[in-house]
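The block underneath contains the structure these notes are about, expressed in structure tokens.
Residue numbers (my numbering): 1 to 136.
Structure, rendered in structure tokens:
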């Protein structure tokens with residue numbers, strides 16, 4: 001993992017309008033990994049920036065584009081994924097430390113509240129019961 005993190009920290013993220021990047025997934029957990037999972041918070045997201053970043057990053061890392069998974073980190077990112085990213089991930093770049101802390105805590109709080117509410121309301125259990133009844 002260390003060499004991947006070091007290499008990612010050398011990349012010129014600021015050229016792509018990136019606020020911060022978090023490495024997560026198998027590249028954090030093991031030296032043997034299939035792809036590089038990165039959560040990316042863009043300053044102003046647009047698909048063109050995403051594609052440019054993906055292509056440049058793949059060339060920089062010496063891998064094919066399909067070996068890099070870029071997750072756009074924003075308010076629409078699934079809550080469970082946000083929590084996994086910030087619980088197990090490694091920050092590889094941030095433009096502004098204070099903004100990173102503020103934004104990541106906001107996303108974590110929103111996601112934690114959502115997951116807690118799902119549990120309180122037994123949403124998963126209710127859906128499973130509904131599916132079971134529809135099969136009967």
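Positions of the beta carbon are idealized from the N, C-alpha and C atoms, including for glycine. Source: prediction; values computed, not measured.
Positions of the beta strand (DSSP E) runs, each at least 3 residues long and wholly inside the segment 6-77, are given as 18-24, 36-42 and 68-72 in order along the chain. Burial state of residue 135 is exposed, judged by a 10 Å Cβ sphere holding fewer than 16 other Cβ atoms. Residue 23 counts as buried, since at least 16 other C-beta atoms from the protein chains shown sit within 10 angstroms of its C-beta.
Spatial neighbours of residue 12 in its own chain (CB-CB distance under 7 Å, excluding positions within 5 residues in sequence) are not present. With fewer than three CB-CB distances shorter than 8 Å, the segment 3-12 does not count as touching the segment 63-76. Within the same chain, 19 come within 7 Å of residue 99 by CB-CB distance, once the 5 residues on both sides are set aside. In the assembly as shown, residue 86 is a buried residue. Its beta-carbon has 16 or more other beta-carbons within 10 Å. Excluding residues up to 5 positions away in sequence, 64, 65, 67 and 68 lie with their Cβ nearer than 8 Å to the Cβ of residue 58 in the same chain. One Cα belongs to residue 108, the other to residue 96, and the distance between them is close to 18 Å.
Contact between residue 42 and residue 49 is confirmed by a C-beta separation of about 6 Å, below the 8 Å threshold.
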